[in-house]
Amino acid sequence: MKHSTLVKVSGKYLLIGLLGLPSIAAGTVHEEALESAVDWLVDQQNSDGSWSGGGDIRTLYTSESVLALSAVGIRDAAFYQGITWLSNHATTNVDFRARRIAALDRHGDSLVDEFSRLQVAQ
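As numbered in mature numbering (1 follows the signal peptide of the UniProt record, and there is no 0), residues -25 to -1, 1 to 97 make up the sequence shown, in order.
Quick look at the structure:
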């Protein structure tokens, strides 16, 4: 992986991690930064509801983005478009499949079949 790509990927994970911090709550001094981070994340979403470029990595970025939005209580169009994209796109990568399941769980989808496929793939 090229250094510039690694920096971009690391930056995305840092932002996603920061969005998921439970200590950041509405009414704190961090609210403006949180809103800015959410706005940035939503602006990065593709028109098809996914996040990132092409290939299987979309599942990873979309899953983590949906999880981050959910962690801070965001259930807007971006969240639901991400959920829809994940619902319609499977992956063969076991790690990405597990992350996809975690994101879909935030929506309350029945995941029995997904867990079965994950077990078989391991």
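Where is the CB? At the ideal position from N, CA and C, for every residue including glycine.
Pull up the DSSP beta-bridge partners for residue i, would you.
i: Q19; result: Partner(s): none; Q19 has no beta bridge.
i: W26; result: Q20
By a C-beta neighbour count over all protein chains shown, 10 Å radius and 16 as the cutoff for buried, is residue i buried or exposed?
i: V(-19); result: The predicted model places V(-19) with a pLDDT of 48, which falls under 50 and marks its position as unreliable; any figure quoted below should be read in that light. Its Cβ having fewer than 16 others within 10 Å, V(-19) is exposed.
i: R50; result: exposed
i: H(-23); result: Confidence at H(-23) is low in this model, with a pLDDT of 48, below 50, so the placement of that residue is unreliable and no value is reported for it.
i: S11; result: exposed
i: W15; result: exposed
Sort the options by Cα distance to residue i and report the nearest one.
i: N21; options: A77, I49, T66, Q56; result: Q56
i: S25; options: R81, A12, A52; result: A52
i: V69; options: A8, D31, E10; result: D31
i: H5; options: R81, S62, G83, V47; result: V47
In the DSSP assignment, find the unbroken alpha helix (DSSP H) run with residue i in it and report its ends.
i: A52; result: 52 to 63
i: T37; result: 32 to 46
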